[in-house]
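Okay, so here's the structure we're looking at.
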Amino acid sequence: MRLPHVASESSESRESASLGMRLCATSAEKPTIARSNSFVGTHEYLAPEIIKGEGHGNAVDWWTFGIFLFEFLYGKTPFRGSGNNETLSNVVSHGLRFPTSPKVSFHARDLIRGFSVKEPENRLGSVKGASEIKRHPFFGGLNWALIRCAVPPAMPRLCKTSIYVPTAALQKNDSSKGGELQGTEDHMEFDMF
Numbered sequence: 441m442r443l444p445h446v447a448s449e450s451s452e453s454r455e456s457a458s459l460g461m462r463l464c465a466t467s468a469e470k471p472t473i474a475r476s477n478s479f480v481g482t483h484e485y486l487a488p489e490i491i492k493g494e495g496h497g498n499a500v501d502w503w504t505f506g507i508f509l510f511e512f513l514y515g516k517t518p519f520r521g522s523g524n525n526e527t528l529s530n531v532v533s534h535g536l537r538f539p540t541s542p543k544v545s546f547h548a549r550d551l552i553r554g555f556s557v558k559e560p561e562n563r564l565g566s567v568k569g570a571s572e573i574k575r576h577p578f579f580g581g582l583n584w585a586l587i588r589c590a591v592p593p594a595m596p597r598l599c600k601t602s603i604y605v606p607t608a609a610l611q612k613n614d615s616s617k618g619g620e621l622q623g624t625e626d627h628m629e630f631d632m633f
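Using this note's numbering, you'd call the opening residue of the sequence shown number 441 and step up by one each time.
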């Protein structure tokens, strides 16, 4: 799961477009005990136990959610290195450090810190699942039963999603133009796209 992959499916649910994982308010209260040994995902969001090949359960989802929150609040991921190997090394060996700017509340940092515990058995949500997370002070005053009824303070304006270049048009494109597509009507020109 990566921040750009979170999409609004409808007003009733949020779905992660990456790997079909769901981040819904009605998620299971207790974590499952199933384990996997897969190594799939974007390096910056992988939990330490995945990188070390130790097998993993759903605690990796809470790790990724913590990285997601960090990126949402600070505009970058906490363990990114100059390359994939350095990033993986940072995830396994470096501690979580918060930038001094922007200012983020103590409860938000504490929530992220709880999700970013290296040992999965001690990670927030790994023992009691979503019920443990819902009780965190960051969510104090939130009525979970009414969360789907809440009206967001602002709704993003959607762009036209019906504008695309069919594959056939791409194949007919004159390669002597350097891969340049000429825009028509509402289409914008893309150079080397």
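Glycine included, C-beta positions come from ideal geometry on N, C-alpha and C.
Would residue i and residue j qualify as a contact pair, given that the criterion is a beta-carbon distance under 8 Å?
i           : j           : result
residue 565 : residue 572 : yes
residue 507 : residue 526 : no
residue 557 : residue 492 : no
residue 505 : residue 538 : no
residue 582 : residue 548 : no
residue 503 : residue 575 : no
residue 500 : residue 489 : yes
Determine the DSSP secondary structure at residue i, reduced to helix, strand or coil.
i           : result
residue 558 : coil
residue 528 : helix
residue 536 : coil
residue 504 : helix
residue 551 : helix
residue 588 : helix
residue 594 : coil
residue 483 : helix
residue 519 : coil
residue 582 : coil
residue 571 : helix
residue 542 : coil
residue 513 : helix
residue 488 : helix
Please report the distance separating the alpha-carbon of residue i from that of residue j.
i           : j           : result
residue 545 : residue 551 : 10 Å
residue 553 : residue 580 : 17 Å
residue 528 : residue 486 : 8 Å
residue 599 : residue 494 : 42 Å
residue 540 : residue 578 : 19 Å
residue 561 : residue 515 : 28 Å
residue 567 : residue 517 : 25 Å
Specify whether the region 519-531 and the region 578-598 touch according to this definition: at least 3 beta carbon pairs, one from each stretch, less than 8 Å apart. no
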